[in-house]
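What follows is a single structure, written as structure tokens, with notes after it.
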Ligand SMILES: Cc1cc2nc3c(=O)[nH]c(=O)nc-3n(C[C@H](O)[C@H](O)[C@H](O)COP(=O)(O)OP(=O)(O)OC[C@H]3O[C@@H](n4cnc5c(N)ncnc54)[C@H](O)[C@@H]3O)c2cc1C
């Protein structure tokens with residue numbers, strides 16, 4: 001039986017950060033993962049360029065049953081700390097939009113940074129290992145794996161969420177939390193495209209591939225970013241963001257022309273191009289096929305010159321408060337993250353240690369802390385991993 005000071009389950013963003021920090025403290029650390037390579041989600045993230053943090057990191061960018069829970073870790077391990085590390089490795093990066101930092105090259109550079117730091121800190125990594133059982137012992141934990149039994153004083157659970165099961169995501173961390181008596185809040189796919197009933201899909205699907213700058217609102221939360229029509233429904237950053245707040249049965253409200261004085265523009269068109277149909281007028285400010293689809297939705301036939309003020313108001317409403325009812329989402333198959341997870345009430349916000357089980361830690365996405373789109377989820381993984389790594 002091999003013995004370590006710290007066993008970390010999951011070689012993702014959070015697990016590797018915790019390993020680096022614990023290793024730097026001189027702890028004997030082993031990271032276990034059933035995958036063939038570490039940091040697989042980092043590798044595919046940000047379209048292959050890894051949106052590794054966001055310089056606008058603030059508490060309101062995170063969703064949790066206890067919004068104050070992430071504060072301590074996020075304020076101690078800031079985006080600038082990770083940026084320093086990225087700079088130390090000479091990795092070129094750029095701000096894309098809204099504070100989102102991406103590698104100029106490839107996300108593999110971030111994985112290499114982490115494995116290299118782990119190596120320097122003396123943390124070991126074992127891949128292709130199945131975890132069969134975890135038990136509490138008098139002085140720590142015993143973990144039975146496909147590679148034999150291991151013991152450690154501290155056990156850090158960093159097995160992530162349920163999204164993209166085909167890449168090795170499992171509900172393992174939630175089950176382990178329950179095994180040790182910790183509560184787990186409801187989990188659901190988030191940062192995920194939304195789907196629609198066949199009648200609406202018939203209208204959306206032909207526009208597949210077109211993106212429009214829009215404001216999308218659900219449940220009182222509004223996001224202004226691109227919205228993408230797809231053959232399955234709606235996607236793009238504004239939809240992914242709002243999906244974290246949307247619930248079954250709720251409508252989403254889309255403003256297709258967020259910067260435009262729509263009523264003023266329509267009145268002007270009534271005067272200047274009275275013989276034009278609404279669809280023709282809208283094609284001046286929207287992609288032609290989107291203009292056609294939304295004009296059909298608004299269903300005000302005839303020439304704009306004949307529109308009463310009431311009709312202008314109705315058209316304005318149809319364009320700026322286009323109300324759709326998604327039937328669901330694409331689910332964990334394509335969701336970037338899992339909302340919900342290990343209930344933060346059972347964890348110490350400074351250390352990520354389970355209050356009732358000394359030596360047991362939960363970090364990263366498995367915890368009920370979910371970031372907005374834009375590098376916030378990695379920042380949470382780094383910060384929570386760093387916090388546990390100081391003490392585990
Ligand atoms: C397509 C996609 C793109 C994304 N892009 C971004 C982005 O650009 N910026 C951003 O901030 N966030 C992004 N995210 C979200 C981000 O990847 C995650 O929030 C982050 O990886 C969570 O880190 P983690 O360490 O908690 O979990 P993970 O990175 O998921 O790591 C968990 C590890 O545990 C292992 N594991 C799971 N179950 C077991 C088990 N039973 N036994 C052994 N090992 C197990 C897995 O193999 C994995 O290596 C993206 C997600 C996806 C799916």
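Residue numbers (my numbering): 1 to 392. Backbone N, C-alpha and C fix where the C-beta goes; we use that ideal spot for every residue, glycine too.
*Excluding the five sequence neighbours on either side, which residues of its own chain have a C-beta within less than 6 Å of the C-beta of residue 319, listed in chain order?*
Cβ within range, chain order: 256, 257 and 262.
*Does the count of Cβ pairs from the stretch 120-138 and the stretch 324-339 closer than 8 Å reach three?*
No, the stretch 120-138 is not in contact with the stretch 324-339.
*Can you say whether residue 127 is buried or exposed, counting buried as having 16 or more other CB atoms within 10 angstroms of its CB?*
That one is exposed.
*Would residue 344 pass as a contact of residue 367 if the rule is Cβ separation under 9 Å?*
Going by C-beta atoms, residue 344 is nearer than 9 Å to residue 367.
*Any beta strand (DSSP E) of 3 or more consecutive residues that is wholly inside the stretch 313-388*: Runs of the beta strand (DSSP E) inside the stretch 313-388: 322-324, 337-339 and 360-362.
*Does any heavy atom of ligand 1 sit closer than 8 Å to the C-beta of residue 363?*
Yes, since a heavy atom of ligand 1 falls inside the 8 Å radius drawn around the Cβ of residue 363.
_Relative to the C-alpha of residue 180, which candidate in 359, 371, 215 and 70 has its C-alpha closest?_
Distance check between residue 180 and each of 359, 371, 215 and 70 places 359 closest, using alpha-carbon atoms only.
*Return helix, strand or coil for residue 202, following the three-state DSSP convention.*
Helix.
*asked:* I need the boundaries of the beta strand (DSSP E) containing residue 68, first residue and last residue.
replied: Residue 68 -> no beta strand (DSSP E), and no H or E assigned at all.
*Determine the burial state of residue 353: buried for a count of at least 16 other Cβ atoms within 10 Å of its Cβ, exposed for fewer.*
When all chains shown are included, residue 353 counts as buried.
*Going by DSSP, which residues form a beta bridge with residue 142?*
DSSP links residue 142 through a beta bridge to 135 and 151.
*asked:* Between which residues of its own chain and residue 298 is the CB-CB distance below 8 Å, once the five residues before and five after are set aside?
replied: Short of 8 Å from the beta carbon of residue 298, and not among the five residues preceding or following it, lie these beta carbons of its own chain, in chain order: 278, 314, 315, 318 and 319.
*Express the C-alpha separation of residue 169 and residue 80 in angstroms, rounding to a whole number.*
In a straight line, the C-alpha of residue 80 is about 29 Å away from that of residue 169.
_Considering only the alpha carbon of each residue, which of 25, 31 and 26 lies closest to residue 12?_
For residue 12, the nearest C-alpha among the options comes from 31.
*Helix, strand or coil at residue 125 [DSSP, three-state]*: Reduced to three states, the DSSP call for residue 125 is strand.
*Let me know if residue 67 comes out buried or exposed under the rule of 16 or more other beta-carbons within 10 Å of its beta-carbon.*
Its Cβ having fewer than 16 others within 10 Å, residue 67 is exposed.
*Note down the Cα distance separating residue 379 from residue 52, rounded to an integer number of angstroms.*
Their backbone Cα atoms lie some 7 Å apart in a straight line.
*Is residue 174 helix, strand or coil when you go by DSSP?*
In the structure shown, residue 174 sits in a helix (DSSP, three-state: H, G or I).
*Assign residue 165 to buried or exposed, taking buried as 16 or more other Cβ atoms, counted over all protein chains shown, within 10 Å of its Cβ.*
Classification of residue 165: exposed, given that the 10 Å Cβ count is below 16.
*Thinking just about the alpha-carbon of each residue, which of 371, 34 and 391 is nearest to the one in residue 172?*
Looking from the CA of residue 172, the closest CA among 371, 34 and 391 belongs to 34.
*Among the residues of its own chain, which have a CB less than 7 Å from the CB of residue 355, if the five just before and after it don't count?*
Result list for residue 355: 346, 347 and 348, in chain order.
*8 Å Cβ shell around residue 108 - same chain, five flanking residues per side excluded*: Here the set comprises 43.
*Taking the runs of the beta strand (DSSP E) that are 3 residues or longer, which of them lie wholly in the stretch 39-109?*
Complete beta strand (DSSP E) runs here, min 3: 51-54, 93-95 and 100-103.
*By how many angstroms is the C-alpha of residue 212 removed from the C-alpha of residue 201?*
So the alpha carbons of these two residues sit roughly 17 Å apart.
*In angstroms, rounded to a whole number, what distance separates the CA positions of residue 6 and residue 365?*
Using only the alpha carbons, I get a separation of about 20 Å.
*If you run the structure through DSSP and keep just helix, strand and coil, what is residue 272?*
Residue 272: helix per DSSP, three-state reduction.
*Rounded to whole angstroms, what's the CA-CA distance from residue 246 to residue 330? Just pull it up for me.*
Rounded to the nearest angstrom, the two C-alpha atoms are 13 Å apart.
_Quick check on DSSP: helix, strand or coil for residue 221?_
Three-state result, residue 221: strand.
*For residue 240 and residue 191, the rounded distance between their alpha carbons*: The alpha-carbon atoms of residue 191 and residue 240 are separated by roughly 4 Å.
*Can you name the start and end residues of the beta strand (DSSP E) that residue 233 belongs to?*
Taken as a continuous stretch (DSSP letters only), the beta strand (DSSP E) holding residue 233 covers 233-235.
*Any idea if residue 100 is buried or exposed, counting beta-carbon neighbours within 10 angstroms, 16 or more meaning buried?*
Residue 100 is buried by the Cβ-count criterion.
_Please tell me whether, using a cut-off of 8 Å, the distance from the CB of residue 73 to the nearest non-hydrogen atom of ligand 1 is below it._
It does not: the Cβ of residue 73 is nowhere closer than 8 Å to a heavy atom of ligand 1.
*Could you give the distance in angstroms between the alpha-carbon of residue 153 and the alpha-carbon of residue 139?*
Each residue's alpha carbon lies about 6 Å from the other.
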